[in-house]
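What follows is a short report on a single structure.
In the numbering used here, the protein residues as written are 3 to 743.
Okay, structure coming up:
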């Protein structure tokens, strides 16, 4: 591969360098002349520093503004010449230099975006060309704020003050009496269990009222109509009714009223610093503008070298039955249709729009029967998909009277989502019926899949048994959650949930898993549980999990003035190599729980949830908080998290990562400090609901590995580009320096 370098110099010298040092590219005199002019046009006396090496598949240059080099701004290279749209984004170094590496042959639009700026003019370039760029300073702070992450705009939201809780209902302040604190309000209607669980509130599409929505005499009336839009309108409307419709609408109406009147975030975000400047973000389009992806998979989480350089798969949930695939080596996007086993399986299209959408009118844009949600990949690079294959009623072997051991212990009458299995080698899809519901799923070291979405039980599916026998009934099982409250170390008869504790018996609880992760340390299976304050469940299967499994429950510290930390509302979770559990909280925290720090008994009558508060550590997410927030630490709304046990991102092993959905990037907690690897383009496009990672070449350094995610916003058309924009695939890599190639 040819190598070239450049310095600030005369046009003649630049022309000579381009002729002599880029022999693999047929660069014409006209192109060279344009580049020469861009170098000559640097401010008088402005030095561009040391030589920057670049390969023939790179684009590199210097970004300068009216005051000299622009450090910590993004350079974006975008092309539509490949089979699917492809984008690469990098950050400038201290001297304003940039290098966009490893670009496939194509013509690219290249431009600058950054805090304090507005977009520069786009320059057309091809790999191997040196391109200097001129930054454009924003006319004022309001114009600059248009490029801030959604969190900075959403933090303008004025919360009800703590003295308004508990709510006093329709005859009082309108807030439901079930909402007992400001924290419960944040969890239920603001953060991940509320509106920002599905939408990146704070982006341009949400902080303004769409013209196409209609004419209204107030923003209150506009929001009343807005939350009824489209196929999700019924669910959004119902959520507000649960918490207090009037106060919720008034809160959001006040927010957009003030923004329309000219309010904007007064404190700008910091430009990328340190290792944030080393990031390379690559994007590929896939699927269609109407569809959103809940999740993706690129490798076996236990061994991220599986599926090296292979395709990446997306889970389109309610939107479509076409599973999208991107091949990052050929830049091609395709789909695999997911079938159902039973033609009576319901469809998302059965839910008509409650009210017309300002984007799609009366069209039912979601048509999925399979509602594919999440993935796990095995050692054969096969993809196991939590997805629906039948109506809700379970088959006979799941119910009472069955000979199945788990059904005899706890029969299941109804469930939502089962499984598909995609074999990329044979290109065959297999439908698999499960008695229990499926949602998130992960393999343990014994090739058992463990699931969330199974309600009162914890469920598994043994892939080895299924491969050996083809018997889906034999391969699956489930168990209830039993606390060892009598403290004898084994599972005994138990009292049911809500019944008084019996000193001679154990106690069954119903803490449905939302996130799930087998521990690589000891084989226990952890799950996060939603609610206020919510918590973590640890399951130890035992020799006969249906009858021997025991659980431990650890509640997030909340409502105790003596607790060392306060938080609430877990969502995603993962376990690191040391057995420490990480979860993101609706209170604006990244939380860890280390069971080894517990000082008291872990079973017995006192071990029912609040017995190991010393095991918790809470890290406030960066960025601003809501107005008058006392119960939360940040307006960030992280949906899920991932433990980077294998240094896939490039910032170290065992680093916890979170989806910074309102800071619009991947948040890495490195030695107690957060770094935000932001996606600045398209604005509002980053909304991760899961993270994954892969090693394509263990000997290639940063180039051979990366972290993958996709956009799970239920409204990808809210992002920059509108209804022409599709939910992209993102790959994050952190190189040793901003100029590494």
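Every residue gets a Cβ at the ideal spot worked out from N, C-alpha and C, and that includes glycine.
#### Entry: Endpoints, the alpha helix (DSSP H) within which residue 550 is located
547-550
### Query
If residue 663 and residue 640 are in contact, beta carbons under 8 Å, what's the gap, nearest whole angstrom?
Contact flag correct, Cβ pair sits at about 6 Å.
### Element boundaries [beta strand (DSSP E), containing residue 67]
61-67
### Message
If distances are taken between C-alpha atoms only, which option among 162, 281, 289 and 120 comes closest to residue 713?
### Response
If we check each option's Cα against that of residue 713, 289 comes out closest.
### Task
Counting only the same chain and skipping the five closest in sequence on each side, list residues whose C-beta sits under 6 Å from that of residue 711.
Excluding residues within five positions, the ones whose Cβ falls inside 6 Å are 690, 693 and 732.
### Inter-residue Cα distance where the pair is residue 110 and residue 81
5 Å
### Query
Closest by CA to residue 697, which one among 419, 105 and 646?
646
### Task
Use the C-beta contact count for residue 503: other C-beta atoms within 10 angstroms, 16 or more gives buried, fewer gives exposed.
exposed
#### Entry: Proximity winner among 354, 654 and 377, relative to residue 389 (alpha-carbon distances)
Closest option to residue 389, judged by alpha-carbon separation, among 354, 654 and 377: 377.
### Extent of the continuous alpha helix (DSSP H) run through residue 733
Element bounds for residue 733: not the alpha helix (DSSP H) but the beta strand (DSSP E), 730-736.
### Task
Specify, as a first and last residue, the run of the alpha helix (DSSP H) that residue 609 falls within.
Run containing residue 609: none; DSSP gives neither H nor E here.
### Nearest-angstrom beta carbon gap, residue 574 and residue 586 [assumed within contact, 8 Å]
Their Cβ separation, rounded to whole angstroms, is 5 Å, which keeps residue 586 and residue 574 in contact under 8 Å.
### Message
Let me make sure I understand the geometry here. Which of 436, 480 and 496 has the alpha-carbon closest to that of residue 474?
### Response
436
### Query
Any idea what DSSP makes of residue 166, helix, strand or coil?
helix
### Task
List in chain order: all unbroken beta strand (DSSP E) runs of 3+ residues lying wholly within the region 469-541.
478-485, 508-511, 517-520 and 527-531
### Query
Among residues of its own chain, excluding the 5 on either side of residue 686, which ones have a beta-carbon nearer than 7 Å to its beta-carbon?
152, 202, 205, 206, 207, 720, 721 and 722
#### Entry: Contacts around residue 515, its chain only, beta-carbon distance under 6 Å, and the 5 residues preceding and following it disregarded
454 and 529
### Message
Does the region 424-432 come into contact with the region 480-490, if we say contact requires no fewer than three beta-carbon pairs (one atom in each stretch) closer than 8 Å?
### Response
no
### Query
Taking the DSSP output, what are the residues bridged to residue 325?
338
### Query
What is the residue span of the beta strand (DSSP E) that residue 695 lies within?
694-697
### Task
Check the C-beta distance from residue 527 over to residue 509 and give it rounded, since I have them as a contact under 8 Å.
Incorrect: roughly 19 Å between the Cβ atoms, too far for contact.
### Query
From residue 277 to residue 215, what does the alpha carbon distance come to, in whole angstroms?
42 Å
### Query
Which two residues bound the contiguous beta strand (DSSP E) that contains residue 464?
459-464
### Rounded C-alpha distance that separates residue 518 from residue 86
34 Å
### Query
If you run the structure through DSSP and keep just helix, strand and coil, what is residue 208?
Residue 208: helix per DSSP, three-state reduction.
### Task
State the CB to CB distance for the pair residue 423 and residue 386, rounded to an integer number of angstroms; the pair is presumed to be in contact (CB under 8 Å).
6 Å
### Message
Since residue 561 and residue 489 should fall inside the 8 Å C-beta cutoff, what is the C-beta to C-beta distance between them, to a whole number of angstroms?
### Response
No, residue 561 and residue 489 are not in contact; Cβ-Cβ is about 26 Å, not under 8 Å.
### Query
Given that a residue counts as buried once 16 or more other Cβ atoms are within 10 Å of its Cβ, and exposed if not, what is residue 740?
buried
### Query
residue 253 and residue 159: beta carbons closer than 8 Å?
The criterion of a C-beta distance shorter than 8 Å is satisfied by residue 253 and residue 159.
### Query
Thinking just about the alpha-carbon of each residue, which of 321, 302 and 209 is nearest to the one in residue 313?
Closest in C-alpha terms to residue 313, from the list 321, 302 and 209, comes 302.
### Query
If you scan the region 580-639 from start to end, which runs of the beta strand (DSSP E) of 3 or more residues do you find wholly inside it?
Runs of the beta strand (DSSP E) lying entirely within the region 580-639 and spanning at least 3 residues, in chain order: 583-587, 591-595 and 618-622.
### Task
Would you check if there are 3 or more beta carbon pairs closer than 8 Å linking the region 237-245 to the region 186-199?
yes
### Query
Mind checking whether the beta-carbon of residue 659 lies closer than 7 Å to any heavy atom of the ligand ADP?
Looking at this structure, you won't find the ligand ADP or any other ligand, since it has none at all.
### Task
Note down, in chain order, each residue of its chain lying with its Cβ closer than 6 Å to the Cβ of residue 359, except the 5 sequence neighbours on either side.
Apart from the 5 residues on each side of it in sequence, residue 359 sits with its Cβ closer than 6 Å to the Cβ of 231 and 232 in its chain, given in chain order.
### Message
Given a cut-off of 8 Å on the beta-carbon distance, is the pair residue 579 and residue 656 in contact?
### Response
yes
### Minimum C-alpha distance to residue 125 - residue among 63, 651, 251 and 412
63
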